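Here's the structure, in structure tokens; my notes come after.
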Amino acid sequence: MTTTDAPGAAATSRPRWGAERIGNVAFAGVVVGLGVFALVGAFAIRVPAGQAIGPQVFPFAVAAILLGSGITLVIAALRGRVAPREEGEDIDPDAKTDWWTILKLVALMVAVLLLLELLGWWMVAALLFGGVAWTLGAKRPWVAFLAGLVIGIGTQLLFGEGLGLFLPRGAAFDWWYGPGPLFG
5 MTTTDAPGAA ATSRPRWGAE RIGNVAFAGV VVGLGVFALV GAFAIRVPAG QAIGPQVFPF
65 AVAAILLGSG ITLVIAALRG RVAPREEGED IDPDAKTDWW TILKLVALMV AVLLLLELLG
125 WWMVAALLFG GVAWTLGAKR PWVAFLAGLV IGIGTQLLFG EGLGLFLPRG AAFDWWYGPG
185 PLFG
């Protein structure tokens, strides 16, 4: 089916129910499904009595964004406005897989799991952030480790101490620092 907007305008084709349009509707359905899942999960969170803003706020916001985006995508796909076909990445199809890099990334993830309780979140975040940057070819890995340390300490203070969420400080930190007024 073709439509013209004005005399002399080029004809544009509206996609029929082919693979592209069905794929767009399927993707939109998945986004709506995730939104419904987030909404149901948000209602399942128990809120302590007397809290004005509880732990449900962020899940409700995520659910609203997912549902709004998904419904918009469904409407657009049903009207025939589909995303353009991906042309592909600029890659070398003959290149071999770099198994050494993949092995280092997997080792970093295993190290995070094994060292989290011992070193704590703040040190493991530095290890993970800096290690991934080094593995993927950072020119100055020490800057990435330093940035990871700043991010780790910042999230430890914000979420662990400020909001009272559990982020392990680490046995090494407790041994060195001990309980105190800030980290009691």
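Heads up: take any position in the sequence shown, counting from 1, add 4, and you land on our numbering.
Cβ atoms here follow ideal geometry from the backbone N, Cα and C, with glycine treated the same way.
The structure presented is a predicted model; accordingly, all values stated were derived computationally and were not measured.
With at least 16 other beta carbons inside 10 angstroms of its own, A137 counts as buried. Contact between A42 and V66 holds, with the beta-carbon distance rounding to 5 angstroms and staying under 8 angstroms. Secondary structure of F41 (DSSP, three-state): helix.
Between A175 and G152, the beta carbon gap of about 20 angstroms keeps them out of contact (Cβ cut-off 8 angstroms). Comparing alpha-carbon positions, the option among P52, G58, F64 lying closest to G45 turns out to be F64. Taking a contact as a CB-CB distance under 8 angstroms, the pair A148 and F133 counts as one, their CB atoms being some 6 angstroms apart. Contact annotation: G84 and V35 have beta-carbon atoms that are not nearer than 9 angstroms.
Taken in chain order, the complete alpha helix (DSSP H) segments of 4 or more residues contained in the region 28-94 are 61-82. Between the region 117-129 and the region 93-101 there are fewer than three C-beta pairs closer than 8 angstroms, too few to call the two in contact. Distances from the alpha-carbon of G141 to those of W104, L162, G124, M113 put W104 closest. In terms of CA proximity to E24, P88 leads the group F47, G156, W126, P88.
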